[in-house]
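First comes the structure, then the notes that go with it.
6 protein chains.
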Amino acid sequence: MDLSPEAIREVVERALSEDVGRGDLTTLALIPAEARAEARMVMREAGVVAGLPVLAAVFAAVDPALVVTARVADGTVAGAGAVIAEVAGPARGILTGERVALNLVQRLSGIATLTARYVAAVGDLPARVLDTRKTTPGLRALEKYAVRVGGGTNHRFGLHDAILIKDNHLALLAAQGVGVGDAVRRAQAAAGPMVRIEVEADTVAQARAAADAGANLILLDNMAPDELRAAVATIGGRAKLEASGGITLETICAVAETGVDYISVGALTHSARALDIGLDIV
Amino acid sequence: MDLSPEAIREVVERALSEDVGRGDLTTLALIPAEARAEARMVMREAGVVAGLPVLAAVFAAVDPALVVTARVADGTVAGAGAVIAEVAGPARGILTGERVALNLVQRLSGIATLTARYVAAVGDLPARVLDTRKTTPGLRALEKYAVRVGGGTNHRFGLHDAILIKDNHLALLAAQGVGVGDAVRRAQAAAGPMVRIEVEADTVAQARAAADAGANLILLDNMAPDELRAAVATIGGRAKLEASGGITLETICAVAETGVDYISVGALTHSARALDIGLDIV
Amino acid sequence: MDLSPEAIREVVERALSEDVGRGDLTTLALIPAEARAEARMVMREAGVVAGLPVLAAVFAAVDPALVVTARVADGTVAGAGAVIAEVAGPARGILTGERVALNLVQRLSGIATLTARYVAAVGDLPARVLDTRKTTPGLRALEKYAVRVGGGTNHRFGLHDAILIKDNHLALLAAQGVGVGDAVRRAQAAAGPMVRIEVEADTVAQARAAADAGANLILLDNMAPDELRAAVATIGGRAKLEASGGITLETICAVAETGVDYISVGALTHSARALDIGLDIV
Amino acid sequence: MDLSPEAIREVVERALSEDVGRGDLTTLALIPAEARAEARMVMREAGVVAGLPVLAAVFAAVDPALVVTARVADGTVAGAGAVIAEVAGPARGILTGERVALNLVQRLSGIATLTARYVAAVGDLPARVLDTRKTTPGLRALEKYAVRVGGGTNHRFGLHDAILIKDNHLALLAAQGVGVGDAVRRAQAAAGPMVRIEVEADTVAQARAAADAGANLILLDNMAPDELRAAVATIGGRAKLEASGGITLETICAVAETGVDYISVGALTHSARALDIGLDIV
Amino acid sequence: MDLSPEAIREVVERALSEDVGRGDLTTLALIPAEARAEARMVMREAGVVAGLPVLAAVFAAVDPALVVTARVADGTVAGAGAVIAEVAGPARGILTGERVALNLVQRLSGIATLTARYVAAVGDLPARVLDTRKTTPGLRALEKYAVRVGGGTNHRFGLHDAILIKDNHLALLAAQGVGVGDAVRRAQAAAGPMVRIEVEADTVAQARAAADAGANLILLDNMAPDELRAAVATIGGRAKLEASGGITLETICAVAETGVDYISVGALTHSARALDIGLDIV
Amino acid sequence: MDLSPEAIREVVERALSEDVGRGDLTTLALIPAEARAEARMVMREAGVVAGLPVLAAVFAAVDPALVVTARVADGTVAGAGAVIAEVAGPARGILTGERVALNLVQRLSGIATLTARYVAAVGDLPARVLDTRKTTPGLRALEKYAVRVGGGTNHRFGLHDAILIKDNHLALLAAQGVGVGDAVRRAQAAAGPMVRIEVEADTVAQARAAADAGANLILLDNMAPDELRAAVATIGGRAKLEASGGITLETICAVAETGVDYISVGALTHSARALDIGLDIV
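Chains as they are written, first to last, in our numbering: chain A, 1 to 282; chain B, 1001 to 1282; chain C, 2001 to 2282; chain D, 3001 to 3282; chain E, 4001 to 4282; chain F, 5001 to 5282.
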């Protein structure tokens, strides 16, 4: 569930550069350098907290003299009104870092909260909830971390670390007379031993062809529960199965009941609402 | 309504670096370098299109040999099924750039579409819909552009280009015996002639004090319509007035009817849902 | 009068990279790593000190073990021979950072000193002395800080944070049949509530047209005192007025006497002479 | 006299990022994307032109569709009113790039012009005019180019490419009982065959000691012409000699007459006035 | 076998910045800007060519007017004296880019040539030759490409894209009472479906425990052929097996004969000799 | 023998970004954040140690809580089994930084060790062993430091800090009727006083021409000992002489005996084998 400090630092520097730039005109004009303050980060609605290490990094980057104390750990389900962290030190730094800190923690907590709802909807069924590459450009590592915090599992991180033969690849190969099986074998020949191969399938027949060729994972795209069930039966454990496409909080349980191993949900990252969290000066 | 090429380039490079990194394993393994393809970007739901210059920049960065042709202009209201752009050239580049292009255009179009709904809800009333600093870290310039495309107006871009004396500033100043009027005067003394000064007010009395001190704009925070109306009457045009705080599609019209000049809505950027747009190889 | 640490850091890193690069050959060859030294930064001529936070940042970047102690604050008028700061610690670091530290402090103090002379020339008149965008590429934030240290006021920071409709804009618009009034209205429609609009005027008539259209500030370009006085009378406080163009220490008082609100002087930054300051090992 | 394209690009990108940032609000609001214009860069006072390749790079970076045509070459002595370059293409790009282009060309031409005056003052005497490391942080490569354009010669580029044993080094070494001769020998042992060694000398005796030890160049600091003459006689060509310290246009000829090989002038870069050059839309 | 243009560009820019910096003093001093030349890249010894796309990128970065024509494709076995590429255009660019181009192509060809020798030593046996993370810092993507060009297969690209539980991990876990099986299960719980898990084993028993727990790949560290054979028999295809540790050209065939799936050789990248290749002006 | 901290930092950041990226999956999955460990860096073969400051920088960048203690100094000849450094602190950081630390220290120690062998082969003869620009792209400053650690001397650092007129320059100049002497004089006119000029000579006659024209150093390319001896006699100390081209451990002594001042060996950096060094958890 951990997050690399380097991934945090890069996002924080960019966000501060964008929001603060050459300086916080208001704070520099009004608040003396020696003024000190304390603030509490408070949940304005209930949800899963995610991003406290980012919070700490924001204020440390604004002013190393600020002390951030987390009151809960990432992954905590906190109710409205709960204090999740405190910041103390030079007042200027608190005011200047507030918006960037909130923007990040609200977004990550929003993703973790939505993920947790999907995970809860799956209940005790073994299927795991996956994210996708439909993340905010520049924030992928953080958003995928928030998915983990919410109980989800990460799919690949980018085009560079796993092979996923999608419909568009298959269409282009088909035009050259290359079928699914040959596609998988080409991929195996090119990939090293640490690279997994997944194939997108629109039909059970395609899924079988992919499994026959040795795909590690098969993405079953936009299949109804009956079709998913047929795929599970046909593949019989030879490859892992991922259901994908338009799955919602209402439908995920029925999908999980089909016996697929994974269910991927783009909405976890592309459409999560920011959680309402505030920073109150005390 | 325009967007600086530099702002686009930085976001596109970072997004490609994150998603593609050392290379698109799948495409490099399967698709020959000389294969060519065409693809259409198609609306899967209706909405306001935003981000076509970004789309062009993504594919140009992936492979300068790709030709992107916009079929509509940003700001167009397009229905489900509408083709908004076409890409033609080396197949590898289309496949490799697809996800980054979609992630950006879907997000920007989602913001423009939501903004347009807020603007429509205001109708013929003079109030203008404003965005906030609650944007995605690293994407502020693009997201504020999408707000403009949707008919909204941009508030300040960061802490560096305007003065907004918020509740937390006032609280800290009050603890030192400095009131609203003095705060405004301090800000005027520090600011150059091109910097505007806005003050957040929780009550009509505070708003009046700010206007008396010469604030250019007053943010009326979380006021009910009656209170807003009282503020409008009290200020009488001496400063521009901005209503802010929890305003929704359902309540914005009532807020606009109070006579405020601006209504700011954080949800435009922090909670817009990505618009469903796809890329189909033809 | 404050300066963002981030703005300092970027300039300091670039300057050290340029001057020191892979290492200070002389110092590495001659001075043992364990040698310690103390040095004093001494005014070789009188002037207004500016840039001591930059000085501290330079030596901290060269070697965090160096201790910099400011003996005066930025803005102090120091006489020839005055010690303005001391540096103590590893001798190598002092020798390696010396030139970059001096280059920056000399330049900033030069700007502050020149600004202070212009401000003094205005005397008790209400007009404020403004800088321009004629700054050294890469050093704008620091140079505008030095202007503030010298008692001046900052005009806009770049093309991105305020609107200034200049003669070239007006000429191009005129060729399309667009006059000053329409230009201002177009700008108002595009700008958000936190963006001020200034218009350059060559004649009193133009100034009046701009004021009529609602410009916040009018730049009176290259006008003689009589013409400035006429503009002041004509505008009658409806907009702020800025005199600009070839104003010198000899002429600024006469300009200020016309009643304009601001007087901008490009020479503050584009032609300030470096102040003579030295670093003496003790 | 040439300048690396890479050195130009870095400065231009930084300058545009600083001045234009997320966009030129005025131009985007007022000038249509399809408007075209032509502009002439005109000397407002006479001087030596320097920086035309930088000019071209600025406009190319703003908009590759802009065409820049140099009317003279760098190094040309141009009179007031002379057109030195023309720019044609999209009007927006001309307006947006104008200030950065002028800031750079004015500064570089100012340095070239001042250098040319020093070189002219030396006349037919063999001494060459040198620059120093007293350059603007971030602009060293460009400013040293401008010195060459003006007829001057470059001293070292940084602490990394040559050895100059200065007074502060000698003072620290003296405290450890190490004299000039040993210092030179230590430097020779550390330096490779492509690194030259210069020693600062305050007296003729020190200069002789340095030459005896094999220094390639000796910096004669703040010596009067008689002392310089004595040094020239004493060294007798065993090392090159550089006069330095407070040399002005009035005194440089007397210094050159002493027979020194080089005369270094910090003012060439740290205190050159920007040359007045304008950009006129036609 | 392909290489991402982005990976090339970053290395090329850094290499040119390091070698050329502010300019190629010799070439700028001696060769006129308008001089043109042609050059041939010639093998001075036989080997496998790798890096021609990098060659093209170097000269394009130095001067876009240079035309690079590859005479063979990467992967070609070329004899001494063979011309593998030609460069034509401005003479300055050829001279300035020569060393960086050679440094990269010589290194990559050296790696490809050494890899090909290891692959040849394995002969018709099914074992594939793997690289490791023992690459040159900053050049990993290029060096792993060269391994592929030489017929080798890539192991993981970094700590971020696959799990390899090494002896040091196991030792730390053992100190906490956690065995191999539990380690694998912890890793499976943390990893998403696209991440493979490899375990290092020093004994056949450890290898069996790892396979029992579901490891995808087992690294058999420093085992003699007999032990490797025993591991192959014991695992029986339940996991892929990688032999590693001190394998040379002399011993690799015997290792391959044991039936392992992969043989990793750090020397491919950490100790390959640069291939002798020259650039001759014609 | 010292190395700039800045040069280290840049390499270390790039190497960690490449190898660790968004995180060390294995270590994050298996090792608790609070686990602590100690490790020893141990020589697995004898050699000259180089790179301990880099080692410290790697672990500091991974986790500032790690304490690195060097047990020897760079330049020490250490036998197999010797402990050269220790690392203690959070176990995660040790595991995550291990490979990057080893890759760098192994490479630098390999270069230092090979250099020391060449220097030893020269014995008491006065010739000094030089490196070349045949370094690993991106690692030049570190590799040249390792050469110094091994007792070698650095040639120039890049095209930017010294003039070396090579065969290709001379060939192009010859085609324009410009001979060696004129080439040297052109170079002298362009170069400042701190830039040395070396000329490559294929024959004794060329060497003499270069010396006559005032070259500081002459590179005698691929000459047999007799020819080198003739060159030494002919030049008679008027310029320094550097033998270059295919010199090996077997031939270097014979070359040194000819009386040349320097012998350059590209193999020091382009073909040094990594020294075998390990990191053992204790």
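Ideal placement from N, C-alpha and C gives every residue a C-beta, glycine not left out.
### Query
Starting from S3109 of chain D and walking both ways along the alpha helix (DSSP H), at which residues does that stretch end?
For S3109 of chain D, the enclosing alpha helix (DSSP H) begins and ends at 3091 to 3122.
Is any beta-carbon of chain F found at less than 8 Å from that of R2099 of chain C? No Cβ of chain F is located within less than 8 Å of the beta carbon of R2099 of chain C.
If the cut is a Cβ gap below 8 Å, which residues of chain C does V3067 of chain D touch?
Those do not exist, as V3067 of chain D stays about 18 Å from chain C at its closest Cβ, beyond 8 Å.
Item checked: Interface partners of H3169 of chain D on chain C, CB under 8 Å -> For H3169 of chain D, the chain C residues whose Cβ falls inside 8 Å of its Cβ are T2026, T2027, L2030, I2031, L2095, in order along the chain.
Self-check item: Partner residues on chain E for Y262 of chain A, Cβ-Cβ distance less than 8 Å
Solution: Neighbours of Y262 of chain A on chain E, chain order: P4193.
* Asked: Counting pairs of Cβ atoms below 8 Å between the segment 4114 to 4122 of chain E and the segment 4256 to 4275 of chain E, do you hit three or more?
  -> These segments touch.
Listed in chain order, which residues of the segment 4148 to 4179 of chain E have Cβ atoms closer than 7 Å to some Cβ of chain A?
When CB distances to chain A are screened at a threshold of 7 Å, the residues of the segment 4148 to 4179 of chain E falling below it are T4153, N4154, H4155, R4156, D4161, A4162, in chain order.
Where G181 of chain A and T5136 of chain F are concerned, what is the direct C-alpha to C-alpha distance, given to the nearest angstrom?
Counting only the Cα atoms, T5136 of chain F lies some 42 Å from G181 of chain A.
Checklist line | Burial state of V1282 of chain B, where buried means 16 or more other Cβ atoms lie within 10 Å | finding: Under this definition V1282 of chain B is an exposed residue.
If we count Cβ pairs, one from each stretch, closer than 8 Å, do we get three or more for the segment 3104 to 3111 of chain D versus the segment 3139 to 3147 of chain D?
Counting Cβ pairs under 8 Å, three or more are found: they touch.
Ignoring anything shorter than 3 residues or poking outside the segment 4184 to 4253 of chain E, list the beta strand (DSSP E) runs there in chain order. Counting only unbroken stretches of 3 or more residues, the beta strand (DSSP E) elements lying wholly within the segment 4184 to 4253 of chain E are 4197 to 4201, 4217 to 4221, 4240 to 4244, in sequence order.
- prompt: Where do the ends of the alpha helix (DSSP H) carrying A5267 of chain F lie?
  reply: Note, A5267 of chain F: alpha helix (DSSP H), 5267 to 5270.
Margin query: Less than 8 Å between the beta carbons of A1239 of chain B and N1216 of chain B, yes or no?
Written below: Cβ distance < 8 Å, so A1239 of chain B and N1216 of chain B count as in contact.
Next item on the list: Output yes if chain A places a C-beta closer than 8 Å to the C-beta of V1020 of chain B; else output no.
Entry: At least one chain A Cβ lies under 8 Å of V1020 of chain B.
Would you please verify whether the beta carbon of K5240 of chain F is less than 8 Å from any beta carbon of chain D? Yes, K5240 of chain F lies at the interface with chain D (some Cβ there is under 8 Å from its Cβ).
Q) Exposed or buried, R5044 of chain F, counting other C-beta atoms within 10 Å across all chains shown (16 or more means buried)? A) Flag for R5044 of chain F reads exposed.
For the candidate residues C:V2195, C:A2112, C:I2252, C:A2233, whose alpha-carbon lies nearest to that of A3029 of chain D? Ranking C:V2195, C:A2112, C:I2252, C:A2233 by Cα distance to A3029 of chain D puts C:V2195 first.
- Message: So, with DSSP's three-state summary, where would you put E3013 of chain D?
- Response: E3013 of chain D falls in the helix class under three-state DSSP.
Count the other CB atoms within 10 Å of the CB of Q1206 of chain B; is the residue buried (16 or more) or exposed (fewer)?
Looking at its Cβ environment, which holds 16 or more other Cβ atoms inside 10 Å, Q1206 of chain B is buried.
Worksheet item: Exposed or buried, T248 of chain A, counting other C-beta atoms within 10 Å across all chains shown (16 or more means buried)?
Response: Counting other Cβ atoms within 10 Å of its Cβ, T248 of chain A stays below 16 and is therefore classed as exposed.
Original post:
Is the CB of A3141 of chain D under 8 Å away from at least one CB in chain E?
Top reply: At least one chain E Cβ lies under 8 Å of A3141 of chain D.
query: Can you check whether the CB of G2023 of chain C is closer than 8 Å to the CB of S5004 of chain F?
result: Yes, the pair counts as a contact, with Cβ atoms nearer than the cut-off.
- prompt: Helix, strand or coil: how does DSSP classify A1007 of chain B here?
  reply: Residue state, collapsed to three classes: helix.
Between P1137 of chain B and chain A, is there a C-beta pair that is closer than 8 Å?
-> Judged by the 8 Å Cβ criterion, P1137 of chain B is in contact with chain A.
If we ignore side chains and look at the alpha-carbon of each, how far apart do R3186 of chain D and E3198 of chain D end up? Cα-Cα distance, rounded: 13 Å.
Runs of beta strand (DSSP E) lying entirely within the segment 4036 to 4060 of chain E, each at least 3 residues, in chain order: For the segment 4036 to 4060 of chain E, whole beta strand (DSSP E) runs of length 3 or above, ordered along the chain, are 4036 to 4043.
**Asked** Can you check whether the CB of V4149 of chain E is closer than 8 Å to the CB of A4088 of chain E?
**Response** No, the pair does not count as a contact, with Cβ atoms beyond the cut-off.
**Prompt:** Can you tell me the Cα-Cα spacing of R2071 of chain C and D2280 of chain C, whole angstroms?
**Reply:** Whole-angstrom Cα-Cα distance: 15 Å.
query: Checking contacts by CB at 8 Å: is E2006 of chain C closer than that to chain A?
result: The beta carbon of E2006 of chain C falls within 8 Å of a beta carbon belonging to chain A, placing the residue at that interface.
| query | What's the gap between the Cα of G2051 of chain C and the Cα of A2073 of chain C? | reply | Distance from the CA of G2051 of chain C to the CA of A2073 of chain C, rounded to the nearest whole angstrom, comes to 9 Å.
Across which residues does DSSP place G278 of chain A in a beta bridge pair?
For G278 of chain A, which the question treats as bridged, DSSP gives the partners A:V42.
### Counted within 10 angstroms of its Cβ, other Cβ atoms place A3065 of chain D as buried (16 or more) or exposed
Looking at its Cβ environment, which holds fewer than 16 other Cβ atoms inside 10 Å, A3065 of chain D is exposed.
*asked:* Using a Cβ-Cβ distance cut-off of 8 Å, determine whether D131 of chain A contacts chain F.
replied: With a threshold of 8 Å between beta carbons, D131 of chain A makes no contact with chain F.
Q. Of all the options C:L2102, C:G2075, C:V2184, which has the alpha carbon lying nearest to the alpha carbon of A2274 of chain C?
A. Closest by C-alpha distance to A2274 of chain C, out of C:L2102, C:G2075, C:V2184, is C:L2102.
>> By the 9 Å beta-carbon criterion, what residues does the segment 5050 to 5078 of chain F contribute toward chain E?
In response: Residues of the segment 5050 to 5078 of chain F whose Cβ lies closer than 9 Å to any Cβ of chain E: none.
Length of the line joining the Cα atoms of L114 of chain A and G75 of chain A: So the two alpha carbons sit approximately 12 Å from each other.
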